[in-house]
Each structure stands twice: as C-alpha cells, then as structure tokens.
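Residue numbers (the numbering used here): -5 to 439. Notes to accompany the following structure.
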Amino acid sequence: MNTYYPGNPLILKILGTQKGNPDDCSHLSAYTVSQSVDGGKLFYNSLTQEMIWEADSLLQTDSFRGYLYQHRFLVPDSLEESRLVSQLRELLPVFQRPSGSQCYTIMTTLDCNARCYYCYELGRARVRMTEDTARQIAAYIADHAGGNKIVLRWFGGEPLYNSSVISVICSVLSERGIPYESVLISNGYLLRGEILSAAADLWHLKQAQITFDGTAPVYNRIKNYIHADPNPFQTVLNNVKAALSKNIRISVRLNVSEENLADQFELTKFLLKELPEERNCLIYPRMLFEYAGNKISVRSKEARRKLTSGLIELMTLIAGHGRLDGIPLQKSDLTSSCIADSDSALVITPDGNVGKCEHYSESEFIGTIADGVWDEQAVAAWKAPAPYYDFCSSCTYYPMCRRLRKCPERFTCNEEQMALTNAELKLIVLQEYKKLRSRGTGTAD
Ligand code: SF4
Ligand code: SF4
C-alpha cells in the first residue's frame, strides 16, 4: 500500500481509529472517492483527508480491508455518517488553534477598465481608494500584525486600475518590517511593465487569478475594454506569460455559460498548447450566472444539467493535462468556510469600510478602518450556517462543505452543482495522485 496523504492529524486525533470488524456489514463511506488506476485502486476520504493506493491483487486481503475500516474508508452499515460530521464540526473549534496570520481582502477601486456585461459591480458607485486611505489601512495592518505573516488579496473592481495604492500599502508594510505576501484577482490587462515589476518585487505577489471568457474574438467582445487595443486577449496572454516568468502562479478562471461552452473548449486547448508543461498555471471553469453576480434569471434544471455535463467534460480535459485548479484536498483551516466566517480575515472597501464578504462593497459593513472597532453582532451573523439539503447525504464533498446563511455565492446548491463538485473532487484526487506518484512521493508499507 502507498500512502500519499496521511490524513489530517487533528481530525484523526479527534475521531480515532474506527473500532469493529469490516466483515460485519460495512460499505464504502459516502465520503470515500475510489477509482481504479495503475493496476490498483486509489482511495481518498474527504472526512479524514487521507489518500492511499493499493494493488488490485491485495484489495481483498484481511489486512487491507482492516486498514480501510480502521481508517474510515469503509464504515459500518449502522453508522449515520452525517451525524459524525456534525459532531466533528462541533468539536473542531475547541481543538483547532488560531493560525495567527491575518488575511486582508483590499478593494483598491470599484472602477474597472473592462465592461463585462455580467459584472456584479454594475450599477455600483465607482469609488477609488485615495493614498490617505491606503496609508491608514497599512497602518492598521502593521499595528495588528503581531509578528505574523500577512496575506493581502487585491480585489476590485479591477484592482490594477488603481495600483498605486497597492504600492503605498506595501511600502508602508515593508518600511515597518511586516512580513507579507499577496494574491490578485484581476482581468490581467494591466499586469505588465512597471506594474508587473512592482507586483513581483514590492507586492510579493505569489498568485494571480485571471479570468478568460473565451478565445480572442469572444474575449475581446465580452471584455469590451476602454483601451484602444486591437487585441486585448493577446495582451493579457502576454501578461500571463510574463508573470509566469517571474514565478507568479496563475490561476486561469474560465467563465462558462451555454453561449461560450464550445469556445471555452477551444480556448482550453489553445492555453494548454500555448503554456505547455506550465506547472504554475492552473485552469478552472466556473458556471456563469448561477450565484453571485447573477443579474440574469437562473437557468432551468434541464439547461443546468446540460451545462454541468459540458463543464465536467471540460474539467476532465484540463485534469488530463494535470492542470485543473480547484478543491484543496488538504485543508488546514477546518473551522471556517471562507473569509466571511474566518476570525482572521477582513474585507476593506476603497473608502475604508470594513466587511466580511468580498461581494459587498456598499453594505454589510462591520466597521471602518479609521475606528478599528467591529460590530460583533454583524461579525457573528456571518458565521451562521445555512441548512443542508436532503441530497447532501450522498455528496462526497459533504465533510468539506460549509455553507453560510448570508453567502450570496454558495447559499444555494442543487443536484447538478453536487454532481459538478463531486466530479471535480474525483478529478483533482486523480490528478494529485499522478503528480505525487511521478515525483516518487508516497510512503510504501
Ligand atoms: S456541495 Fe452541495 S450537495 Fe454537496 S454538501 Fe455542499 S451543499 Fe450539499
Ligand atoms: S461570497 Fe460566500 S464564499 Fe465568497 S466571501 Fe462571501 S460568504 Fe464567503
């Protein structure tokens, strides 16, 4: 047997090994992803986060079945697994130590140099951060760093459309000796020249998420940039290559709808060819018009089902090249869903308001950076969990899925979304196994 992930130590400690006998009515856990590969079977459990592989010839041995049972890949028929997950969720906050490091999502501007028709910022005031506000934010961050590394997420609007304030914040942190690194959510158009140099050297930019809406003709039409540029697609592609050459990881987000699905296949093939063997450039597709930013009526179940199978096909193509970005298989923060319910994350708007969710720039504030005092009731409201659905009991992702009542992005789920998430998990598990195996990582028993 080869162990690729030993499992999350805290979860294993709380749960302990499963007592009993695998031959007394047991079945594969709803949270076990298993698939045949390389003359054996790969198992990953989304509850324990353990990943193992065993040769076909040894799958039925008593010792391997015993292992599967003790490590919860197999569970007794009598076990109500979702109840076990609920108990674990209650216990985790008691045992998990806070990480200490703080994450700040900073909206430098709500303005943008592109004019995508689907933008969720449409109709909102186009506020830009001033240098004074940037200094105030930097001072707050430095005063509350407590010796920990800070993670800065540049968000907008288009954050690079007001990049000077990023440099102001990073210069102050640098002068005060605060360790930090940053990530960027951007259309990537301005990520070149002096801005790219500042990103690599001053902002300590480690990763940029850049959205592509299709191949050049589709992209150029949808993005509708304000710049006089005959081919913005090529500009962004060149910027991606330049950023990669500076060791900035790129996560390409493909917005997919019924209209551009076929074109996104073309783009994916193009990107895989254009950026071959590029380990630092991963790709992930997301369904457009389902959640936050949805200004167009939600699609019918049949339309969603059709688009879901197209997306799974697209993810399979990407994963086949080892380039699918998505669900992290080893989650270290087990108690929060996202920045909104995390005690170590804040969102700051261009005018210095502080919130918890990046999708709110005009409301839902918990305070201002100038006051530095948070409305605890508002903070607590962001932690309220959303109820699960009946179909969640058969979702492989359930132990990792935390849903918030106030989340505009993931509040709703449906069976198509579940199928998509489960397919993504399976593909990511296989992709990760292949990577680890090719590197010779994995402990043999
Ligand atoms: S992804 Fe959807 S189906 Fe799965 S557990 Fe979460 S809410 Fe339920
Ligand atoms: S949209 Fe949802 S997932 Fe995203 S930050 Fe807000 S609450 Fe979290």
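Using N, Cα and C, we set each Cβ at its ideal position, and we do this for glycine too.
In the three-state reduction of the DSSP assignment, Arg299 falls in the helix class, which pools H, G and I. Within the chosen limit of 8 Å, ligand 2 reaches the beta carbon of Lys400 through at least one heavy atom.
Listed in chain order, the beta strand (DSSP E) elements of length 3 or more contained wholly in the stretch 172 to 210 are 174 to 180, 199 to 206.
Secondary structure note for Lys35: its beta strand (DSSP E) is the uninterrupted segment 34 to 39.
For ligand 1, a non-hydrogen atom lies closer than 8 Å to the CB of Arg397.
Counting only residues of its own chain and dropping the five nearest sequence neighbours on each side, Tyr219 has a CB closer than 7 Å to the CB of Asn107, Ala108, Tyr183, Pro226. In this structure, Cys401 sits away from Tyr383, with a CB-CB distance that is not shorter than 9 Å.
As DSSP reads the structure, Ala438 sits in a beta bridge with Asn(-4).
Three or more Cβ pairs drawn from the stretch 258 to 272 and the stretch 199 to 215 lie within less than 8 Å of each other, which places the two stretches in contact.
Judged by DSSP secondary structure, Asn233 falls outside any beta strand (DSSP E) and instead within the alpha helix (DSSP H) spanning 226 to 239.
C-alpha of His198 to C-alpha of Gly171: approximately 13 Å in a straight line. At least one heavy atom of ligand 1 lies closer than 8 Å to the C-beta of Tyr391. Not one heavy atom of ligand 2 sits closer than 8 Å to the Cβ of Ser338. Per DSSP, the unbroken alpha helix (DSSP H) holding Thr415 starts and ends at 409 to 432. By the Cβ-count criterion, Phe149 is buried, with 16 or more other Cβ atoms from all chains shown falling within 10 Å of its own Cβ. For ligand 1, no non-hydrogen atom lies closer than 8 Å to the CB of Met309. At the C-beta level, Asp335 and Trp368 stay beyond 9 Å of one another. The criterion of a C-beta distance shorter than 9 Å is not satisfied by Leu266 and His221. Contiguous alpha helix (DSSP H) elements confined to the stretch 304 to 339 do not occur, taking only those with 4 or more residues. Inclusion of Glu352 in the 8 Å shell around ligand 2 follows from its C-beta lying nearer than that to a non-hydrogen atom of the ligand.
When C-beta atoms of the stretch 185 to 201 are compared with those of the stretch 240 to 248, three or more pairs fall below 8 Å, so the two segments count as touching. Taking all protein chains shown into account, Pro279 has 16 or more neighbouring C-beta atoms within 10 Å of its C-beta and is therefore buried. A residue is called buried when at least 16 other Cβ atoms come within 10 angstroms of its Cβ; Tyr63 meets this threshold and is buried.
Burial is judged here by how many other beta carbons sit within 10 angstroms of a residue's own beta carbon; Tyr111 has fewer than 16 and is exposed. Following the DSSP letters along the chain, one finds Pro279 inside the beta strand (DSSP E) bounded by residues 275 to 281. Thr124 sits in coil when the DSSP states are folded into three classes, being neither helix nor strand.
Remark: three or more beta-carbon pairs, one from each stretch, lie closer than 8 Å, so the stretch 156 to 168 and the stretch 124 to 133 are flagged as touching. CA-CA distance, Ala438 to Ser57, rounds to 15 Å. The beta carbon of Tyr383 sits closer than 8 Å to at least one heavy atom of ligand 1. Judged by DSSP in its simplified three-state form, Asn347 adopts strand. Residue environment for Val88: exposed (fewer than 16 other C-beta atoms within 10 angstroms of its C-beta). Taking C-alpha positions only, Glu268 is separated from Leu238 by approximately 13 Å. Pairwise C-beta distances place the stretch 307 to 325 out of contact with the stretch 90 to 102, as fewer than three of them are shorter than 8 Å. In this structure, DSSP gives Pro379 an extended state, which the three-state scheme calls strand. In the DSSP assignment, Ala49 forms a beta bridge with Gly34.
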